[in-house]
Amino acid sequence: MRDGTPARVDVTGDGAPERLGTSERISFDARIDVVVAVPAGPRGVGDVDGERTEESPGWPRPGPD
């Protein structure tokens with residue numbers, strides 16, 4: 002529960018949670034590369050028109066605008 006908010010638990014059993022403390026907010030970032038092997042032939046993964054070279058509309062500058 003590292004979201005920066007106070008940690009509260011009902012320790013005494015009276016229905017009112019007692020404040021235990023706070024924690025610093027944390028963050029993380031993860032990345033992964035994906036490799037796709039495509040067999041030889043006229044059509045492959047993601048082929049839209051049968052041509053050898055396929056490019057997305059964002060190529061050659063992928064990422065946020």
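Counting from 1, position 11 in the sequence shown corresponds to residue 12 in the working numbering; the numbering is continuous, with no gaps.
Glycine included, every Cβ here is placed at the ideal spot set by N, Cα and C.
If you're wondering where the values come from, they're calculated on a predicted model, not measured in any experiment.
(1) So the candidates are R62, V37, P7; which of them puts its Cα closest to the Cα of E25?
(2) Bridge partners of P7, per DSSP?
(3) Keeping to the same chain, check which residues put their C-beta closer than 8 Å to that of T13; ignore five residues upstream and five downstream.
(4) If you draw a straight line from the alpha carbon of D34 to that of P58, how long is it in whole angstroms?
Based on what the coordinates show:
(1) On the sequence shown, position 24 is the one that residue 25 refers to. It is P7.
(2) Here the question's residue 7 lines up with position 6 in the sequence shown. Its beta-bridge partners are T23.
(3) Counted from its first residue, the sequence shown places residue 13 at position 12. These residues qualify, in order along the chain: E19.
(4) Numbered from its first residue, the sequence shown carries residue 34 at position 33. Numbered from its first residue, the sequence shown carries residue 58 at position 57. C-alpha separation (whole angstroms): 20 Å.
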